[in-house]
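Residue numbers (UniProt numbering), protein chains in the order written: chain A, 1 to 159; chain B, 1 to 216.
Ideal Cβ placement from N, Cα and C applies to all residues, glycine included.
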Amino acid sequence: MTTRLARLWQPGNPQRRVFLPDFWLAVVESPDVGRNKLPRNCVKFEVDPRMSRHDIREYLTKIYDLPVRDVRTEVQMGDITWNSKHDHQYKKAMWKDDDKKFAYVFMSKGFTFSYPKMFDSLEEDLELIKAKQQQEDLKDKLNEGYANRNRRVGRFLAV
Amino acid sequence: MWRSFPSLVSSVVRSQNAPAIRFSSTMKQFFDDEANFGKAELRPKNRPGRSWTEEELRLKSNSDLHKLWYVCLKERNMLITMKKAHISRARNMPNPERIDRVQESMDRIEAVVHERNDAVFKLETGESAAPRKRTITSFAGFTYKKQAIEHYSPPEASKKEYETPYLDDDAYMMQKLWQEKEFMKNRDRLDDEKRRETRTEDMDRFKRGAPRVFNR
Numbered sequence: 001m002t003t004r005l006a007r008l009w010q011p012g013n014p015q016r017r018v019f020l021p022d023f024w025l026a027v028v029e030s031p032d033v034g035r036n037k038l039p040r041n042c043v044k045f046e047v048d049p050r051m052s053r054h055d056i057r058e059y060l061t062k063i064y065d066l067p068v069r070d071v072r073t074e075v076q077m078g079d080i081t082w083n084s085k086h087d088h089q090y091k092k093a094m095w096k097d098d099d100k101k102f103a104y105v106f107m108s109k110g111f112t113f114s115y116p117k118m119f120d121s122l123e124e125d126l127e128l129i130k131a132k133q134q135q136e137d138l139k140d141k142l143n144e145g146y147a148n149r150n151r152r153v154g155r156f157l158a159v
Numbered sequence: 001m002w003r004s005f006p007s008l009v010s011s012v013v014r015s016q017n018a019p020a021i022r023f024s025s026t027m028k029q030f031f032d033d034e035a036n037f038g039k040a041e042l043r044p045k046n047r048p049g050r051s052w053t054e055e056e057l058r059l060k061s062n063s064d065l066h067k068l069w070y071v072c073l074k075e076r077n078m079l080i081t082m083k084k085a086h087i088s089r090a091r092n093m094p095n096p097e098r099i100d101r102v103q104e105s106m107d108r109i110e111a112v113v114h115e116r117n118d119a120v121f122k123l124e125t126g127e128s129a130a131p132r133k134r135t136i137t138s139f140a141g142f143t144y145k146k147q148a149i150e151h152y153s154p155p156e157a158s159k160k161e162y163e164t165p166y167l168d169d170d171a172y173m174m175q176k177l178w179q180e181k182e183f184m185k186n187r188d189r190l191d192d193e194k195r196r197e198t199r200t201e202d203m204d205r206f207k208r209g210a211p212r213v214f215n216r
């Protein structure tokens, strides 16, 4: 943000405005079944950990024009890597992942959202499929001229 | 300006019982084009070119820069969404350099906006728009620059931090010892460099030290 340092007070005490927000925000997949399933009008976002509920609401309504009704946030602690996990007395933390912040945004009544299926049609890479096809094609052609594999043995014997 | 940008479609969308199709099209902004789903790499036509350069951005008006910032912001959100989706399936995202391109553009927009802001400030107040720095001497005698912070009331006499030309006893001793330590570290570094220069490949190969000459 260009206006990183907000003034403590200005004449007239105007509302604090951000002209170039640099918060990021991403839609995350949530399970279709089970107890973590979300209602259809709810979207799960992973948000910049600096964002507050109010920020998320303003961000989504003003930039994305989404009909936000309620915002609930959850902070998930990052995993800690221990030097020896089971040694409860002397274990030391070697590394801790960054904390993540998730927002469950409830939209107004008519809203429905389901996470698009990106990998269903092409679960394998296109290139892998192509390579497999090539292997299949080559199977008969390899060494065809030298080893007479495709000969039909019983052809003249009328078996 | 902030309010005017997204208000293009606002009045239509905010009505309560709008059809669901309209909302899903809004959520599509968070996802890549469906033609790119499951691709290892984008088609050559869709591949990212380059980021905006500062020279190009300087030609743009303030409102154009403001709009471009939001375009970049949305694009970056979309790319982050796609990246997370791919990571959760243990796959590689197609053309991840797109994120870097967008980030570079955003950094440059910030730089250009700062330039303009700076020019206005220098004209009108004679000071730079960058946050003010104060020179401060710490209790250990180190003098460094620190960003100035606003306060509601002036500081108490003992609380305010200054740059002090003459250090008190402890700080003076600390500085003397620090300088000595730095000097010795530098001397050892130079020694090591010299020793490494004289060392030949054979010495490494046969695990032999350099010949020691005592009566030089």
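Under the 10 Å beta carbon count, MET107 of chain A is surrounded by 16 or more other beta carbons and is classified as buried.
Contact fails between the segment 87-104 of chain B and the segment 131-147 of chain B, because fewer than three Cβ pairs, one in each stretch, are under 8 Å apart.
Of all residues in the segment 120-148 of chain B, only PRO131 place a beta-carbon less than 7 Å from a beta-carbon of chain A. Partner residues in the beta bridge of TRP95 of chain A, as assigned by DSSP, are A:THR81. Distance between LEU38 of chain A and ASP22 of chain A, taken at the CA atoms: about 28 Å. Rounded to the nearest whole angstrom, the C-alpha separation of ALA6 of chain A and LEU60 of chain A is 22 Å. In this structure LYS44 of chain A is buried. Its beta-carbon is surrounded by 16 or more other beta-carbon atoms within 10 angstroms.
Around the beta carbon of ARG47 of chain B, fewer than 16 other beta carbons sit within 10 angstroms, so the residue counts as exposed. CA-to-CA, the gap between LEU167 of chain B and ASN117 of chain B works out to about 39 Å.
The straight-line gap separating the alpha-carbon atoms of SER105 of chain B and ASP99 of chain A is approximately 27 Å.
Contact check for MET94 of chain A against THR112 of chain A fails: the beta carbons are separated by 7 Å or more. Contact annotation for ASN77 of chain B against chain A: TRP24, LEU25 and ALA26 [CB-CB distance below 7 Å, chain order]. In the DSSP assignment, PHE121 of chain B falls within the unbroken alpha helix (DSSP H) covering 97-124. Listed along chain A are LEU20, each with a C-beta nearer than 8 Å to that of TRP69 of chain B.
Of all residues in the UniProt region "Disordered" (184-216) of chain B, none comes within less than 8 Å of chain A when Cβ atoms are compared.
For the set A:PRO67, A:GLU127, A:GLU29 and A:LYS109, the Cα lying nearest the Cα of MET118 of chain A is the one of A:GLU29. Residue-level contact by beta carbon holds for LYS84 of chain B and chain A, with a gap shorter than 7 Å. Spatial neighbours of TYR115 of chain A in its own chain (CB-CB distance under 8 Å, excluding positions within 5 residues in sequence) are listed in chain order as VAL27, GLU29 and SER30. Around TYR152 of chain B, the beta-carbon contacts reaching into chain A at under 9 Å are LEU8 and TRP9. Annotation: the continuous beta strand (DSSP E) that includes PHE45 of chain A extends over 42-47. The closest CA to that of ASP32 of chain B, considering only B:ASP64, B:PHE206 and B:HIS86, is found on B:HIS86. Burial check for GLY126 of chain B: the Cβ neighbour count within 10 Å stays below 16, so the residue is exposed. A check of alpha carbon separations from MET82 of chain B across B:ARG187, B:LYS207, B:ARG101 and B:GLN29 identifies B:GLN29 as the nearest. DSSP places LYS133 of chain B in no alpha helix (DSSP H) but in the uninterrupted beta strand (DSSP E) bounded by 133-137. By the CB criterion at 7 Å, VAL68 of chain A and ALA103 of chain A fall outside the cutoff.
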